[in-house]
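Peer 1:
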Amino acid sequence: MKLFVKGDVDGVFALGLDNLLMLILMSGLCLGLLQFSPELFYGRVLPATAVALIIGNLFYAREAIRLGKKEGRTDVCAIPYGINLLTVFVYVFLVMMPAQQKALGNGLSKEEADVIAWHAGLIACLGSGLIEFVGAFFIDLIRRFTPRAALLSALAAIGIFFIGMDFVFRSWAFPLVGMTTLAITMVIYFGRMKFRFGLPAGLVVLVVGTSLSWATGLAPVTDFDTSQLGLRLPLPVIGDIMQSVPYMFEYLGVIVPMGFINLVLSLQNLESAKAAGDDYRAAPALAFNGLGTFGAALFGSPFPTTIYIGHPGWKAIGARAGYSTLNAIIMTLICISGALSLVVAAIPLEAGMSILIWIGIMMGTQAFNSTPREHTPAVVVGLMPGIAAFAALVSKNSLAVAGIVGGASFFSREVIDQMASIRNFYADGAFALEQGYVYTSIILASTTAAIIDRKFKVAGFWLLAGATFSAIGFIHTYEITPFDIISILDLGVTKWTLGYLAMAAIMFLVPLVTEVETDESKLI
154 MKLFVKGDVD
164 GVFALGLDNL
174 LMLILMSGLC
184 LGLLQFSPEL
194 FYGRVLPATA
204 VALIIGNLFY
214 AREAIRLGKK
224 EGRTDVCAIP
234 YGINLLTVFV
244 YVFLVMMPAQ
254 QKALGNGLSK
264 EEADVIAWHA
274 GLIACLGSGL
284 IEFVGAFFID
294 LIRRFTPRAA
304 LLSALAAIGI
314 FFIGMDFVFR
324 SWAFPLVGMT
334 TLAITMVIYF
344 GRMKFRFGLP
354 AGLVVLVVGT
364 SLSWATGLAP
374 VTDFDTSQLG
384 LRLPLPVIGD
394 IMQSVPYMFE
404 YLGVIVPMGF
414 INLVLSLQNL
424 ESAKAAGDDY
434 RAAPALAFNG
444 LGTFGAALFG
454 SPFPTTIYIG
464 HPGWKAIGAR
474 AGYSTLNAII
484 MTLICISGAL
494 SLVVAAIPLE
504 AGMSILIWIG
514 IMMGTQAFNS
524 TPREHTPAVV
534 VGLMPGIAAF
544 AALVSKNSLA
554 VAGIVGGASF
564 FSREVIDQMA
574 SIRNFYADGA
584 FALEQGYVYT
594 SIILASTTAA
604 IIDRKFKVAG
614 FWLLAGATFS
624 AIGFIHTYEI
634 TPFDIISILD
644 LGVTKWTLGY
654 LAMAAIMFLV
664 PLVTEVETDE
674 SKLI
């Protein structure tokens, strides 16, 4: 294994673009939605993000080199790593924004409310890191007893819908930019072609996308602001962490499920890397992801890190260990220099989204290619909760915009019920599947795989796990607020608990009331 190879250039453009998109998103939510001061965002949040990226990127580069030496290979790809997209949204909308609004409602100044919102985000981030770090040492038990179809199907749903489809929509909304760069990406990565003169494909896509964005008026996104340029080194915020501890209990219902979801998603991404040929040690890989999140919180960022979806995609374009190191260096310089303010103005999301579409497609493809053929139905079943979560997201976006335009909240039980009676869309089921859909995907895919293998008792136990998770609020339970539909931890027997128990009972009764049918034509 060399420290750097040519493919690392393409890799760092793909991973760097992904991280850059996260930074741009963080900027929009912190400076736009929450209206934090530039001093808080550029002086605290971004430098702390640099600490987190250094911790993980350098460790995963080292692990790639170690694995290459151990197995005598030169094609090992470092685990992609960066800011957690899911928790950026969740912690802003379900932790920081409610804390800010509550403080304003109590008569505090905007500056005081911003500090409270930031503190709430810090403790949520710290809690997530704790769960990820401790869980790393027990995760092999989950990996050992969970079929590959279950680990990859939820991952495929996220890749196809939450990454791929979102940017497909953007591509057709801005077709000259999106469709042009998508064509280049497909020719290079699906057609296995390369540019002459050794030009990196990622660079070509970004240059073409940015140029077309300027030509069509998508850029500049905002006015160029040079006042934020300057060195800002990360400093520990231990005092602020201590002040944020009381918020741990107030937002435990968000922190605990998100911590476990992040842990499970990271495990799935390790399984994805294993399927692509790079079998990393799970415990240290997950532990350092947790340490990266810890580092983010201790230096002032409320946004956890994660092991990224897309390892097969980065490996396919020739990335090895060096792209992870390069990403740490480049992202650190952007975070501590204030240069993000210029990047946000110059490069819209649409400029490089075709690469993310391709990575999403690769995730869906791998779920089918890397599982036993007979378990293909389990992959399809495992996709369904993710599809439902995407449908729920689209529905909630529509309700939110309708409320803004109409001047009233459309988030209510009456509206959800009317969707079923007027439009025959059972939103209640979609919103239920959205809550903890990663867990639901694993449970249903594992159940299906066990049924295919005629291991009905195993299927029954998976369904009992579903009943337990629904009874403690890890899956399906939600509440309707004036601004969103959110998951809640609510102990008690729900209608979904009864449904899982009924399914489990059927599985345990199967050996008593059925026998194997050898003539498949009689099954219809």
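Residue numbers (our numbering): 154 to 677. In this text, a Cβ means the ideal position worked out from N, Cα and C, and glycines have one as well.
On the criterion of 16 or more Cβ atoms from any shown chain inside 10 Å, does Y579 qualify as buried, or is it exposed?
Peer 2: Result: exposed.
Peer 1: By how many angstroms is the C-alpha of G645 removed from the C-alpha of L444?
Peer 2: If you take the alpha carbons of L444 and G645, they lie about 34 Å apart.
Peer 1: Consult DSSP for T478 and reduce its assignment to one of helix, strand or coil.
Peer 2: If DSSP states are grouped into helix, strand and coil, T478 belongs with the helices.
Peer 1: What's the gap between the Cα of M339 and the Cα of V361?
Peer 2: The alpha-carbon atoms of M339 and V361 are separated by roughly 14 Å.
Peer 1: With H, G and I counted as helix, E and B as strand and the rest as coil, what does DSSP make of G280?
Peer 2: G280 falls in the helix class under three-state DSSP.
Peer 1: Is it right to say F212 is buried, meaning 16 or more other beta carbons lie within 10 angstroms of its own, or is it exposed?
Peer 2: Answer is buried; the Cβ neighbour count reaches 16.
Peer 1: Roughly how many whole angstroms lie between the Cα atoms of A603 and D393?
Peer 2: So the alpha carbons of these two residues sit roughly 49 Å apart.
Peer 1: Do R434 and M154 count as a contact pair if the criterion is CB distance below 8 Å?
Peer 2: No, they are not a contact pair.
Peer 1: Take the Cβ of S575 as the centre, count every other Cβ of all protein chains shown within 10 Å, and call the residue buried at 16 or more, exposed below.
Peer 2: Per the sequence presented here, residue 575 reads as Ile, with Ser not at that position. Exposed, because fewer than 16 other Cβ atoms sit within 10 Å of the Cβ of I575.
Peer 1: Could I get the ranges of all uninterrupted alpha helix (DSSP H) runs contained in the region 182–257, with 4 residues as the minimum, in chain order?
Peer 2: Counting whole runs of 4 or more residues, the region 182–257 contains the alpha helix (DSSP H) stretches 199–224 and 238–244.
Peer 1: Assign M249 to one of two classes, buried (16 or more other C-beta atoms within 10 Å of its C-beta) or exposed (fewer than that).
Peer 2: Flag for M249 reads buried.
Peer 1: Let me check understanding here. Comparing Cα to Cα, which of T227, P635, L382 and E216 lies closest to F194?
Peer 2: Selected option, being the one with the closest Cα: L382.
Peer 1: In or out: M516 buried (at least 16 other Cβ within 10 Å) or exposed?
Peer 2: Burial call: buried.
Peer 1: Three-state secondary structure (DSSP) at I500?
Peer 2: If DSSP states are grouped into helix, strand and coil, I500 belongs with coil.
Peer 1: Of all the alpha helix (DSSP H) runs that stay within the bounds of the region 309–343, which reach a length of 4 or more residues?
Peer 2: List check, alpha helix (DSSP H) in window: 319–326 and 328–338.
Peer 1: In angstroms with no decimal places, state the Cα-to-Cα distance between M656 and G613.
Peer 2: Each residue's Cα considered, the two are about 7 Å apart.
Peer 1: With DSSP as the reference, identify every bridge partner of Y631, one or two as the case may be.
Peer 2: For Y631, which the question treats as bridged, DSSP gives the partners S640.
Peer 1: Suppose the cutoff is 8 Å on Cβ atoms and the five residues either side in sequence are ignored; what does the same chain contact list for V398 look like?
Peer 2: So the list reads I276, once near-sequence residues are dropped.
Peer 1: Nearest to P200 by alpha carbon, out of G181, F322, G453 and Y400?
Peer 2: Residue G453 is the option with its Cα nearest to P200.
Peer 1: Taking L486 as the reference, which of G160, L186, S180 and L206 has the closest Cα?
Peer 2: Per the Cα distances, L206.
Peer 1: When the Cα of M395 is compared with those of F377, L388 and H272, which residue comes out closest?
Peer 2: Comparing Cα-Cα distances from M395 to each of F377, L388 and H272, the minimum goes to H272.
Peer 1: My assumption, with CB atoms under 8 Å, is that I284 sits in contact with F402. Please give the rounded CB distance.
Peer 2: In fact, because the Cβ distance is near 15 Å, the residues do not count as touching under 8 Å.
Peer 1: If we ignore side chains and look at the alpha-carbon of each, how far apart do I483 and G181 end up?
Peer 2: So the alpha carbons of these two residues sit roughly 21 Å apart.
Peer 1: How big is the Cα-Cα spacing for L384 and A354?
Peer 2: Each residue's Cα considered, the two are about 32 Å apart.
Peer 1: Just to check my reading of the structure: I512 and I316 have Cβ atoms closer than 8 Å, yes? What is that Cβ distance to the nearest angstrom?
Peer 2: Indeed they touch by this definition, with Cβ atoms about 7 Å apart.
Peer 1: Distance check for A270 and L257, CA to CA, integer angstroms please.
Peer 2: Approximately 10 Å between the Cα atoms of the pair.
Peer 1: Roughly how many whole angstroms lie between the Cα atoms of L304 and I595?
Peer 2: One C-alpha to the other measures close to 6 Å.
Peer 1: Just reading off the alpha helix (DSSP H) that T621 is part of, what are its end residues?
Peer 2: First-last of the alpha helix (DSSP H) with T621: F609 to A624.
Peer 1: So the alpha helix (DSSP H) T458 belongs to, where does it begin and stop?
Peer 2: First-last for T458: T458 to I460, but that is the beta strand (DSSP E), not the alpha helix (DSSP H).
Peer 1: M179 to A492, Cα distance in whole Å?
Peer 2: In a straight line, the C-alpha of M179 is about 14 Å away from that of A492.
Peer 1: By the three-class DSSP mapping on this structure, what secondary structure does E424 have?
Peer 2: Reduced to three states, the DSSP call for E424 is helix.
Peer 1: Could you tell me how far apart the beta carbons of L418 and T459 are, in whole angstroms, since I believe they sit closer than 8 Å?
Peer 2: Yes, they are in contact, since the Cβ atoms of L418 and T459 sit about 7 Å apart, within 8 Å.
Peer 1: In chain order, what residues of the same chain have a beta carbon less than 7 Å from the beta carbon of C230, not counting five sequence neighbours either side?
Peer 2: Within the same chain, C230 has close Cβ partners A217, D431, H464, W467, K468, A472 and R473.
Peer 1: Can you have a look at S262 and say buried or exposed, based on whether 16 or more other CB atoms are within 10 angstroms of its CB?
Peer 2: Under this definition S262 is an exposed residue.
Peer 1: Do the region 539–558 and the region 497–507 meet, that is, are 3 or more Cβ pairs less than 8 Å apart?
Peer 2: The answer is no - the region 497–507 does not touch the region 539–558, with fewer than three Cβ pairs under 8 Å.
Peer 1: Roughly how many whole angstroms lie between the Cα atoms of G589 and S640?
Peer 2: About 8 Å.
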